[in-house]
Each structure stands twice: as C-alpha cells, then as structure tokens.
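Enquirer:
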C-alpha cells in the first residue's frame, strides 16, 4: 500500500497566459513561483495554446498588412503621427459598418476581434512622441515586429520552462469525461482526459489547475466523482497536501465498495487506455 | 543582412583620434614590478608563519626551548626560501592565476556585451523582415517562420548567457586546479556543440530564404537589399515553400534542444502590454465554440 503519491499539477492554458483580471493574474503568478517545478502541461494544452496564439497574432498582422495598408494608400497618406488618430478611427468605423452589412453568423465576435486590432493600432499610434511622424512603410512593420516579440514571449512558457508530457488520451476516456462531467468544450475535455489518463497510467495523483470557472471549475464535483481533482491556483497546494494523504489512485479505486455509473464508465475506459 | 542598425549615419568620417599614451604602459610595468616584489615578500612571510605554526603541533621537547627554535627557524626558512627557485616559481604561477581571473572576467564581460549587440541586431532583422513582408504579397507563413527563426536565435543567446553566468564562478574558482579547469571547459564545449552546429545551419537557411526572395525581385545588383516591392510572381513558390518547411523543421529542432535549459518565463503585464492584451482578447474570441 502506498501513500503520498503525487505526480504534479496539470495546467490549463489560461494559467500560463496573461489575464485581464489582476487578482487572477496574481494568483497564477504566485502559484507558479511556488510550484513551477511540479507543473506539467499536456501536449493538447501546448498545441491548443500555440495554435491560438499564432492564429490571433496572424489575425492582427493580416489586418494591418492588407485592409489598413490599402486604406492608407488609397487616401494618399504617407506618414502618421500621434495626432492622426481620426484617419485610423474612420478606417475602423468603415470596417465595422461593412461587417454589420454582411450579417456574419459570428458578426459580434468578428466585431470584437476588429475592436482588439483597433485597440492595438490606436495605442501604438498614441504612443508616438509629440511631433514625431513615421512613414507608413516604417510604422506598419514596426507594429508587426513588436507583435512578433509579444507573441514569442506568450509562447515561451508552452515551449520550455514547464515540463510537457506527450499524451494521446484514448477516445473512450475523452467520452467518459464528456459524459461524466457534462463537458461542453471539446478541447477542455481533451485536456482533462489527458490528465486523468496520465494519473492512472503513472498510478500517482495529479491536480488539474485552471481559472476557467464556467467550463471546468463549475463541474468540480462531477470531475472529482470520476477521480480528477480540479483547483483554482490559489488552492492547488492545499489540495496537494490533502491528496498525499490518499492511497495511490489504483488502490484508492479498488477500495471503493460500489461504483456509480459515471465511475464505472471512466474505469472501463481507463482499463482500455492503460492496457493499450 | 542589411538592417537599420547597420545603416551608417555619415560616411568616411575622418577625425584625429587619441593615441594610447606611453606613460600608461610604463606605469603599468612599474606597478607590475612593485606588485611582484610585494607578492614575493608576502609569500615568504606567509610560508615562514606556516612553518612556525607547525611547531605548536610538536609534542613537548626536552632539550630545546620553543622560543629559541622559533627564532632560529624563522631565519633558516626565510634564507632558504629566498634561494629556492621552486618557491619563486610557485609565486609566479599564483600571479598568473590571478591574471587568469582578470582575463576570464574580461572575456565573459565581452561575451555578454557582444551578445547584447547581436540581440539588438536580431531585433533589427525582425523589423527588416516585417518591412519586406509589408511590401509583398507573400504568405503569412513566410513572415512567421523567419520571425521564429530569428527569435529562437535570441533564445539561444539568452540560454548561453544563463549557462555561462552559472558556470563562470566555478571556472574562476578552479583557476588553480588545471584538471578541474579542463573538465569544466570540456563540459562547456560538450553542451554548446549541438547548439552551435544547428544554429549556424538555421541562420544559413534563414538568410538563403531572404536572399532568394530579395535577389529574385531585384532587376539589377544595385537593387539588392534595397526596400522595394516584392512579388511572389517573381519567385518559384515551391522553392519558397521548401525553404519555409526546412526552416520550420530546424526551428522546431532548436526549440526542443533549448526547452530543457529554459527557465519559466514570468507573465508579461496584461494592462501595460497592449500587444499581449490584443492577442489574448482574440484568443478568447477564437476559442468560443461556433453556433
């Protein structure tokens, strides 16, 4: 019989990214300062994060490269200073108006994306010193160059510094997580299934750390029922202490007298996953 | 590669430069002689004291008084050391070891400064490639692949500096121990070898891609490296794609190699970093399931 078997904290994508709420960002930062060496990211988290960062970066750069540059060219504008905001504002107004006419299925999201690009361009324009005018041929590439470095910094924790485990969760485990915890987001289900499968394969407990209240933490009880502990970063180390008092995962489930339907499903799936 | 930082602000600037003053050289030599003599005297005193302290460890003597022995021994050891070439050599070696400290320290300082300069040049190259991209109809992958290749070079420099900072103290402290010094140098050379080989290859591929794009869009040699319109129709896009694939593969390999040596990078500020804020916002929106 073994106790104190703890493998590590599986991190959700959101824990390693900058967050709009200062309190959440601080919680993640404090947790990582304390426990970075015990943290793990699954290959699914890594792939999702890198794809999303790349995609989002490309959205902004493409927008600056094509419609914005063409617009400025068509208006005969050769240089920009921090007092030329009206030109840029007009451009984004036109873009939004066109978007409204197109009636996209996700027009609100497209609008918000446009807003995020607008915010970036506006801030960069206003950051120019008074009286300084930059040629368009310099200003636009500078925006892109800065964004490349930001993108690289955002990717950094997913590319090194945190241990990454290559895990391909069995389909039956993913299904059992989706059904067991009523997961709406397929990617979240994949991350949780990766952590769960790793836990039983290593026969050591893991804790899934996330700030995603809506899709994951609200299902904490359901996830615990299928043997996966989730936690906000603030409480992750407390959960770890509790977990080390338990027997190892396989012995723990063997001690249970009767399983619920959800537990039966996940254990059947896990048997398949662990033996294949 | 041509970059903003390499552009000269003025040409052929010829002015009278200061020459290195000779007195400084003489002063230096004079100091060295004085220092050598002082070191020599200090070493004799130290060695005499070390010998005398050994007397305290002797069991009580029946015939001689310790004070008499001390007096005599002091003179004997001192005279002997003054005529001993082996002792003199040991002081000389110690002085070299001290100089090694200075040289190795300077060497590291130069390396860090050099890396800072290279890093600035790489930043400038990111700008160059963005400018080329903004004057072109090339695919986004062209831009992001070259950017990644430049940025992984910067990561390598950071990793190298970090490793050197960790290892240099041990190297300096081992300057008197030839075997240990050699071992540390060997260990350094071993870890650096796979990096430098790959990094050279990666840089060559990146520059080949840039050159192929730039030169194919230059009508004359005068247009090479100049800011101009880049048309994909002037390029064989299959060749471009194969360059991109090759470069991406090399960047991935380099990332895998560097990953274990990279420490955890702390968060960038959300509020203050407008780029991070915009990327993050779009990430959230892109993650919303369709429907």
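Residue numbers (the working numbering), protein chains in the order written: chain A, 9 to 284; chain B, 4 to 294.
Note that CB positions come from ideal geometry on N, CA and C, so glycine has one too.
Is the number of C-beta pairs between the region 121-132 of chain A and the region 232-247 of chain B that are closer than 8 Å three or more?
Expert: With a cut-off of 8 Å, the region 232-247 of chain B and the region 121-132 of chain A do not count as touching, because too few Cβ pairs lie within range.
Enquirer: First and last residue of the alpha helix (DSSP H) that includes residue 129 (chain B)?
Expert: Here residue 129 (chain B) is taken as the residue at index 126 of the second chain, counted from 1. Note, residue 129 (chain B): alpha helix (DSSP H), 88-137.
Enquirer: Is the CB-CB distance between residue 215 (chain A) and residue 51 (chain A) below 8 Å?
Expert: Indexing the first chain from 1 puts residue 215 (chain A) at position 207. Indexing the first chain from 1 puts residue 51 (chain A) at position 43. The answer is no: Cβ separation not under 8 Å.
Enquirer: Might you give, ordered along the chain, the residues of its own chain that have their beta carbon closer than 8 Å to the beta carbon of residue 205 (chain B), omitting 5 neighbours on each side?
Expert: Indexing the second chain from 1 puts residue 205 (chain B) at position 202. Closer than 8 Å at Cβ, skipping near neighbours: 152, 155, 156, 250, 253, 254 and 257.
Enquirer: Helix, strand or coil for residue 29 (chain A), going by three-state DSSP, please let me know.
Expert: Within the first chain, residue 29 (chain A) is the residue found at index 21, counting from 1. Reduced to three states, the DSSP call for residue 29 (chain A) is coil.
Enquirer: Thinking C-beta only, is residue 68 (chain A) closer than 8 Å to residue 155 (chain A)?
Expert: Reading the first chain from its first residue, position 147 is the one you call residue 155 (chain A). Reading the first chain from its first residue, position 60 is the one you call residue 68 (chain A). In this structure, residue 68 (chain A) lies closer than 8 Å to residue 155 (chain A) by Cβ.
Enquirer: Can you list, in chain order, the residues of its chain whose CB lies under 8 Å from that of residue 66 (chain B), leaving out five sequence neighbours each side?
Expert: Start at 1 with the first residue of the second chain, and residue 66 (chain B) comes out as number 63. So no residue of the chain qualifies.
Enquirer: Excluding the 5 residues flanking residue 13 (chain B) on each side, which residues of the same chain have their C-beta closer than 8 Å to its C-beta?
Expert: Looking up residue 13 (chain B) in the second chain gives position 10. The predicted position of residue 13 (chain B) is uncertain, since its pLDDT is 34 and thus under 50; a value taken from the coordinates is nonetheless stated next. Correct list: empty, nothing qualifies.
Enquirer: Using a C-beta cutoff of 8 Å, does residue 143 (chain A) count as contacting chain B?
Expert: If you number the first chain from 1, residue 143 (chain A) lands on position 135. Answer no: the Cβ-Cβ gap between residue 143 (chain A) and chain B never drops below 8 Å.
Enquirer: Please confirm whether residue 28 (chain B) has its beta-carbon closer than 8 Å to some beta-carbon of chain A.
Expert: For this step, residue 28 (chain B) is matched to residue 25 along the second chain. Annotation note: pLDDT 32 at residue 28 (chain B) (below 50); position unreliable, coordinate value reported separately. No, residue 28 (chain B) lies away from the interface with chain A (no Cβ there is under 8 Å from its Cβ).
Enquirer: Unbroken alpha helix (DSSP H) runs of length 4 or more, entirely within the region 232-281 of chain A: which are they?
Expert: Those alpha helix (DSSP H) runs which fall completely within the region 232-281 of chain A and span 4+ residues are 244-251 and 257-262.
Enquirer: Going by DSSP, what residue range makes up the beta strand (DSSP E) through residue 19 (chain A)?
Expert: The residue given as residue 19 (chain A) occupies position 11 in the first chain. Here the beta strand (DSSP E) through residue 19 (chain A) covers 14-19.
Enquirer: Classify residue 149 (chain B) as buried or exposed, calling it buried when 16 or more other Cβ atoms lie within 10 Å of its own Cβ.
Expert: Taking the first residue of the second chain as 1, we reach residue 149 (chain B) at position 146. Classification for residue 149 (chain B): buried.
Enquirer: Kindly identify the DSSP beta-bridge partner or partners of residue 172 (chain A).
Expert: Taking the first residue of the first chain as 1, we reach residue 172 (chain A) at position 164. The partner list for residue 172 (chain A) (beta bridge, DSSP) reads A:49.
Enquirer: Out of A:242, A:101, A:206 and A:33, state which residue places its alpha-carbon closest to the alpha-carbon of residue 235 (chain A).
Expert: Mapped onto the first chain, residue 235 (chain A) falls at position 227. Ranking the options by Cα distance to residue 235 (chain A), first place goes to A:206.
Enquirer: From this set, B:280, B:44, B:259 and B:235, which residue's C-alpha is nearest residue 142 (chain B)'s C-alpha?
Expert: The residue you call residue 142 (chain B) lines up with position 139 of the second chain. Among B:280, B:44, B:259 and B:235, the Cα nearest to that of residue 142 (chain B) is on B:235.
Enquirer: Under DSSP, the alpha helix (DSSP H) around residue 224 (chain B) begins and ends at which residues?
Expert: Numbered from its first residue, the second chain carries residue 224 (chain B) at position 221. No alpha helix (DSSP H) contains residue 224 (chain B), which DSSP labels as neither H nor E.
Enquirer: Classify residue 266 (chain B) as helix, strand or coil using the three-state DSSP reduction.
Expert: Sequence index remark: in the second chain, residue 266 (chain B) carries index 263 (1-based). DSSP places residue 266 (chain B) in coil when its eight states are reduced to three.
Enquirer: Would you mind telling me which residues of chain B sit closer than 9 Å to residue 23 (chain A), beta carbon to beta carbon, in chain order?
Expert: As a working note, residue 23 (chain A) is residue 15 in the first chain. By Cβ distance, chain B contributes nothing, its closest Cβ being about 10 Å from residue 23 (chain A), past 9 Å.
Enquirer: Does residue 60 (chain B) come out as helix, strand or coil in the three-state DSSP assignment?
Expert: Translated into the one-based positions of the second chain, residue 60 (chain B) becomes position 57. Here residue 60 (chain B) sits in coil by DSSP.
Enquirer: Consider the Cβ of residue 35 (chain A): report whether some Cβ of chain B lies at a distance smaller than 8 Å.
Expert: In the first chain, residue 35 (chain A) corresponds to position 27, counting from 1. With 8 Å as the cut-off, residue 35 (chain A) does not count as an interface residue toward chain B.
Enquirer: My understanding is that residue 46 (chain B) touches residue 94 (chain B), with C-beta atoms under 8 Å, so please give their C-beta distance in whole angstroms.
Expert: Taking the second chain and counting its residues from 1, the one referred to as residue 46 (chain B) is at position 43. Taking the second chain and counting its residues from 1, the one referred to as residue 94 (chain B) is at position 91. Rounded, the Cβ-Cβ distance is 5 Å, consistent with contact.
Enquirer: Under 8 Å by Cβ, that's how I've got residue 218 (chain A) and residue 14 (chain A) pegged, so tell me the actual separation to the nearest angstrom.
Expert: As a working mapping, residue 218 (chain A) is identified with position 210 in the first chain. As a working mapping, residue 14 (chain A) is identified with position 6 in the first chain. Not a contact, Cβ separation roughly 18 Å.
Enquirer: Listed in chain order, which residues of the region 159-184 of chain B have Cβ atoms closer than 8 Å to some Cβ of chain A?
Expert: Under the 8 Å Cβ criterion, the region 159-184 of chain B contributes no residue.
Enquirer: Check the DSSP bridge columns for residue 213 (chain B) and list the partner residues they point to.
Expert: Within the second chain, the letter at position 210 stands for residue 213 (chain B). In DSSP, residue 213 (chain B) forms no bridge with anything.
Enquirer: Beta-carbon within less than 7 Å of residue 247 (chain A)'s beta-carbon, same chain only, minus the 5 sequence neighbours each way: which residues are those?
Expert: Your numbering for residue 247 (chain A) matches position 239 in the first chain. So the list reads 215, 237 and 239, once near-sequence residues are dropped.
Enquirer: With DSSP run on the structure shown, which of helix, strand or coil describes residue 95 (chain A)?
Expert: On the first chain, position 87 is the one that residue 95 (chain A) refers to. The answer is helix: DSSP assigns residue 95 (chain A) an H, G or I state.
Enquirer: Cutting at 7 Å between CB atoms, please list the residues of its own chain near residue 288 (chain A), excluding the five before and the five after it.
Expert: No answer is possible for residue 288 (chain A): the residues shown for chain A start at 9 and end at 284.
Enquirer: Name, please, each residue of chain A whose Cβ falls closer than 8 Å to the Cβ of residue 228 (chain B).
Expert: In the second chain, residue 228 (chain B) corresponds to position 225, counting from 1. The contacting residues do not exist; residue 228 (chain B) stays about 15 Å from chain A at best.
Enquirer: Using a Cβ-Cβ distance under 8 Å, would residue 243 (chain B) count as near chain D?
Expert: Going by chain labels, chain D is absent from the structure shown, which instead holds the protein chains A and B.
Enquirer: Cα separation between residue 44 (chain B) and residue 85 (chain B)?
Expert: Here residue 44 (chain B) corresponds to residue number 41 of the second chain, with the count starting at 1. Here residue 85 (chain B) corresponds to residue number 82 of the second chain, with the count starting at 1. C-alpha separation (whole angstroms): 9 Å.
Enquirer: Could you tell me the alpha carbon to alpha carbon distance between residue 222 (chain A) and residue 126 (chain B), rounded to whole angstroms?
Expert: Along the first chain, read from residue 1 onward, the residue named residue 222 (chain A) stands at position 214. Along the second chain, read from residue 1 onward, the residue named residue 126 (chain B) stands at position 123. Computed Cα separation, rounded: 40 Å.
Enquirer: Which one of A:277, A:30 and A:56 has the shortest CA to CA distance from residue 199 (chain A)?
Expert: Residue 199 (chain A) sits at position 191 when you count from the first residue of the first chain. Residue A:56 is the option with its Cα nearest to residue 199 (chain A).
Enquirer: Kindly say whether residue 258 (chain B), judged by its beta-carbon, lies nearer than 8 Å to any beta-carbon of chain A.
Expert: Taking the second chain and counting its residues from 1, the one referred to as residue 258 (chain B) is at position 255. So, interface residue.
Enquirer: Between which two residues does the alpha helix (DSSP H) harbouring residue 157 (chain A) extend?
Expert: In the first chain, residue 157 (chain A) corresponds to position 149, counting from 1. Residue 157 (chain A) -> alpha helix (DSSP H) spans 144-167.
Enquirer: Ordered along the chain, which non-local residues of its own chain (more than five positions away) have a Cβ less than 8 Å from that of residue 178 (chain B)?
Expert: To locate residue 178 (chain B), count along the second chain from 1; it is residue 175. Excluding positions up to five away in sequence, the list reads 100, 103, 104, 107 and 184.
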